[in-house]
Every structure is written in C-alpha cells, then in structure tokens.
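Trainee: I'd like to ask some things about the structure below.
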Ligand code: SAM
Ligand code: DTB
Ligand code: SF4
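Residue numbers (my numbering): 370 to 706.
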C-alpha cells in the first residue's frame, strides 16, 4: 500500500467532523456526467470519502411520510398515481383532520422517525386550507419531530405562513432535468418549480428538493437533474432521490427499468456534488434488493423514508428496515432538532 493510500484510508476510517457548509461551486452538466462515467468503484470511493468528511459514516436519518390529502390532483405528472388525469385506482379524499395527523405522527415517532413529512395532492394549497395545515405543523412540531410539508406550488405569502407556524422543511422536487420535464408534466413549467423554491428559501424555510430516476431519461438528463440541484445556492438541505415506482394506469407504468448500478451512481453523484446535504434514498426501496440499498448507503445516502407506506404506494416494513440496519451495522439518527 502506498503512503498516500494509507493516509486516505486512515482518514476515511476515522470518520470526520463536519466542516461548515460552503457556497457551492457551479456544476456544468458535462462535469456531472463525467462523474457518472467514472469506474463504479472509483465513484463509490470518492462519494464515501466525501460522505465521511461531512457526516457520521454509519448513521441514517428516518423520515416518515403521510398523505394528508390523497388523489384527485389537477396536475398531469406522468409518474404520479394521484393525478386525476390517470386511472391508477387512487380514490380522491379530503384533507385529513388535525387529530388524525397528530396520531400518525406520534406513531411514527414511537417507531423511530425524527422527521414527519406531510404530503398533499394539490397543485397548490387553497387559502381555506392554510389554517388547518398550519395547525398540523404546530401540533406535530410540539411532539419534538422535525416537520416537512409538500403541498405543491407556494406563493411568497403561503411560504411565510408555513414558516410562522414553525415548519422546518418544505419539499418541492425538480424531478427531472429541465429538458425532460415537458415530456412528463404539461400542466406546469420547470420555472414554476424554481419560483416556488425561491419563495420557500426567501421565507427562511429549509429546502427538501430532489428528483426521480428511471422515467426514461438519458444519463445526460440524470446529470442535468443533479446539476440543477447542485447549483441551487445554498444546496437543498435534503435531497430525495426517488426511483420511479411504476404504477399501473399512469403513463409511466411501463417505463424501462434502469440498471440498479445506475441508480447507485446517481446517489453517489448527488453526494459528491452536494457534500453537506442529506441525501435520501427515497421511493422505490420496496422493489430494490438489500444489496442495492447497501450500495446506496455506501454511495452516501444517509436518510430514508421509513414506514410501510410512501404516499399511496408500498414502502418496506419497518421490521425489514431495522433488520437491514442490523445486518449493516447502521444506526438511526436519534435527535430530531
Ligand atoms: N403535489 C405536490 C407536488 O407535486 O409537489 C406534492 C406531492 S408529490 C406526490 C411529491 C413527489 O412525489 C413528486 O415531486 C415526485 O418526486 C414523487 N412521486 C410521485 N409519484 C411517484 C412515483 N410513482 N415514483 C416515484 N416518485 C414519485
Ligand atoms: C419525495 O421526494 N418522495 C416522496 C415525498 N418526497 C413526498 C413521495 C414518493 C411518492 C411515491 C408514490 C406514492 O406513494 O404515491
Ligand atoms: Fe399532483 Fe404532486 Fe402527483 Fe403531480 S406529483 S399529480 S402535483 S400529487
């Protein structure tokens, strides 16, 4: 072993303290694509090294999702079973009562989650809904959980209202590269996603923003998505990387599955380009085998959605996840805030 390799390995083995976040450099799509093209093992070593410089190496944070308003969405997102444009068998429901949301949050906390993410199948929230969602934020936060919401597009005022209620994170995904977006969604533009993200930031909320892989995009377009995320300034604090869950009745039901190693590469490239962000191994774990998930953790994923449902589709049972953590020697993050 050369001296340099020994130093590198011992610094990797030590784990590391967290340097203060710094301003991101600008990523060109071609440079992100070059990362994707590295030999797999080199890419993973690089990602794991960056990971250890910034986070506890074996710690994974758990977020639990709840669909607070399901189905009947006016948007036509090709991947989504909740769109009223598709026939995916998801029944449209009403906005849940605050008490039921709080009960679900308590249960999530009792099983080890530190963040509770409430999702609504809306293009954007209506004025009449804001008071109720603000109550949900206040009551869930009072339990000691981090709160996250994903309610669609927000104007500046709505973002401030959520901030005032104590919301910690707002999730709003860019979902794809700009040049692929029109192929999957026609009822809103990429720029509208960026505008909401700006409103969320300006209100002082932390940002959860990621995308979906496996929708028929090219590698260059995957690199385009990661470049968009990594060029946000500051970086999103959380970056969910979803694997498409192909739901019968949606336009993407028959999308060609991607090579699992390409999914792992996407996680690694997100880790390298956004060193201090939490990278979440998100939708798609139910269909993923344990070895691929382990590679995702090796590639720098340090958060998962935890609990037996995502919004409308299945997620691994908590017991399967805890068994996997045991086998891998992973621990869950204990403290929420
Ligand atoms: N309606 C809001 C919006 O679109 O911003 C919030 C809820 S929406 C369901 C949140 C995210 O779920 C989407 O941005 C997308 O990334 C993800 N998602 C939806 N359907 C999915 C699927 N079939 N597979 C993977 N991710 C999916
Ligand atoms: C995110 O990036 N993925 C989550 C959460 N943010 C809201 C949603 C995944 C949804 C998967 C399809 C479903 O269960 O309906
Ligand atoms: Fe509606 Fe969100 Fe689903 Fe699009 S992703 S159809 S906006 S719930």
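The C-beta atom is built at its ideal place from N, Cα and C for all residues, glycine as well.
Leaving out five residues on either side along the sequence, give the residues of the same chain with a beta carbon under 7 Å from the beta carbon of residue 684.
Mentor: Closer than 7 Å at the Cβ level, and outside the excluded window around residue 684, lie 654, 655, 674, 676, 677 and 678.
Trainee: At which residues does the alpha helix (DSSP H) containing residue 635 begin and terminate?
Mentor: Residues 629-642.
Trainee: For residue 674, which three-state DSSP category applies?
Mentor: Three-state result, residue 674: strand.
Trainee: So residue 443 packs on residue 492, CB below 8 Å; how close in whole Å?
Mentor: Residue 443 to residue 492, Cβ: 5 Å. Contact.
Trainee: With DSSP run on the structure shown, which of helix, strand or coil describes residue 402?
Mentor: Three-state DSSP puts residue 402 in a helix.
Trainee: For a test of the three-state rule: what should DSSP assign to residue 429, helix, strand or coil?
Mentor: Residue 429: strand per DSSP, three-state reduction.
Trainee: Residues in the same chain with beta-carbon distance under 8 Å from residue 530, minus the five sequence neighbours each way, listed in chain order, please.
Mentor: Cβ within range, chain order: 499 and 503.
Trainee: Could you tell me which of 521, 462, 451 and 579 sits nearest to residue 495, measuring between CA atoms?
Mentor: Of the candidates 521, 462, 451 and 579, the one whose C-alpha sits nearest the C-alpha of residue 495 is 521.
Trainee: Restricting to Cα atoms, I'd like to know which of 538, 458 and 595 is closest to residue 544.
Mentor: The shortest C-alpha separation from residue 544 is found at 595.
Trainee: Heavy atom of the ligand SF4 less than 7 Å from the Cβ of residue 570, yes or no?
Mentor: Not under cutoff, so the answer is no.
Trainee: With DSSP as the reference, label residue 532 as helix, strand or coil.
Mentor: The answer is helix: DSSP assigns residue 532 an H, G or I state.
Trainee: With a floor of 3 residues, list each beta strand (DSSP E) that falls wholly inside the stretch 530-615, ordered by position along the chain.
Mentor: The qualifying runs are 538-540, 575-577, 580-582 and 607-612.
Trainee: Go ahead and label residue 704 buried or exposed: buried means 16 or more other beta carbons lie within 10 angstroms of its beta carbon, across all protein chains shown.
Mentor: That one is exposed.
Trainee: Note down the Cα distance separating residue 397 from residue 569, rounded to an integer number of angstroms.
Mentor: So the two alpha carbons sit approximately 25 Å from each other.
Trainee: Put residue 649 into one of helix, strand or coil per three-state DSSP.
Mentor: Strand, per DSSP.
Trainee: Near residue 636, which residues of its chain fall below 7 Å by C-beta distance, leaving aside the five closest residues on each side in sequence?
Mentor: Closer than 7 Å at Cβ, skipping near neighbours: 610, 648, 650, 665, 668, 669 and 670.
Trainee: Pick from 613, 541, 489 and 695: whose alpha carbon is nearest that of residue 657?
Mentor: The option with the nearest alpha carbon to residue 657 is 613.
Trainee: At a threshold of 7 Å, does residue 580 count as lining the ligand SF4 (C-beta to nearest heavy atom)?
Mentor: For the ligand SF4, not one heavy atom lies less than 7 Å from the Cβ of residue 580.
Trainee: Report the option in 437, 476 and 688 whose CA atom is closest to the CA atom of residue 462.
Mentor: Among 437, 476 and 688, the Cα nearest to that of residue 462 is on 437.
Trainee: Assuming residue 542 and residue 517 make a contact with CB atoms under 8 Å, what is their CB distance in whole Å?
Mentor: In fact, because the Cβ distance is near 12 Å, the residues do not count as touching under 8 Å.
Trainee: Just to confirm, are residue 472 and residue 433 a CB contact at a threshold of 8 Å?
Mentor: Against a cut-off of 8 Å, the Cβ pair of residue 433 and residue 472 comes out as no contact.
Trainee: Let me confirm a value: residue 379 is counted as buried when at least 16 other C-beta atoms fall within 10 Å, else exposed. Which label applies?
Mentor: Per-residue confidence for residue 379 stands at a pLDDT of 43, beneath the threshold of 50, marking its modelled position as unreliable; the derived number appears in the next sentence. It counts as exposed.
Trainee: By a C-beta neighbour count over all protein chains shown, 10 Å radius and 16 as the cutoff for buried, is residue 587 buried or exposed?
Mentor: The residue is exposed, with fewer than 16 neighbouring Cβ atoms inside 10 Å.
Trainee: Secondary structure at residue 501, three-state DSSP: helix, strand or coil?
Mentor: Residue 501 falls in the helix class under three-state DSSP.
Trainee: Less than 7 Å between the CB of residue 451 and some heavy atom of the ligand DTB, yes or no?
Mentor: It does: the Cβ of residue 451 is within 7 Å (strictly closer) of some heavy atom of the ligand DTB.
Trainee: Looking at the secondary structure, which residues open and close the alpha helix (DSSP H) in which residue 462 lies?
Mentor: Looking at the DSSP string, residue 462 is not in any alpha helix (DSSP H), and its letter there is neither H nor E.
Trainee: Quick check: what's the CA-CA separation for residue 468 versus residue 524?
Mentor: Near 27 Å, if we compare the C-alpha coordinates of residue 524 and residue 468.
Trainee: Out of 453, 599 and 536, which one is the CA nearest neighbour of residue 575?
Mentor: The residue with the shortest Cα to Cα distance from residue 575 is 536.
Trainee: Between the stretch 445-452 and the stretch 693-700, can you find at least three pairs of beta-carbon atoms closer than 8 Å?
Mentor: At 8 Å Cβ cutoff, the stretches do not touch.
Trainee: Based on DSSP bridge pairs, tell me the residues matched to residue 484.
Mentor: For residue 484, which the question treats as bridged, DSSP gives the partners 432 and 515.
Trainee: Please state if the CB of residue 475 and the CB of residue 512 are separated by a distance shorter than 8 Å.
Mentor: Yes. Within cutoff.
Trainee: Helix, strand or coil: how does DSSP classify residue 668 here?
Mentor: In the structure shown, residue 668 sits in coil (DSSP, three-state: anything other than H, G, I, E or B).
Trainee: Would DSSP call residue 700 helix, strand or coil?
Mentor: DSSP places residue 700 in strand when its eight states are reduced to three.
Trainee: Per DSSP, residue 683 is paired with what?
Mentor: DSSP output for residue 683 lists 678 as bridge partner(s).
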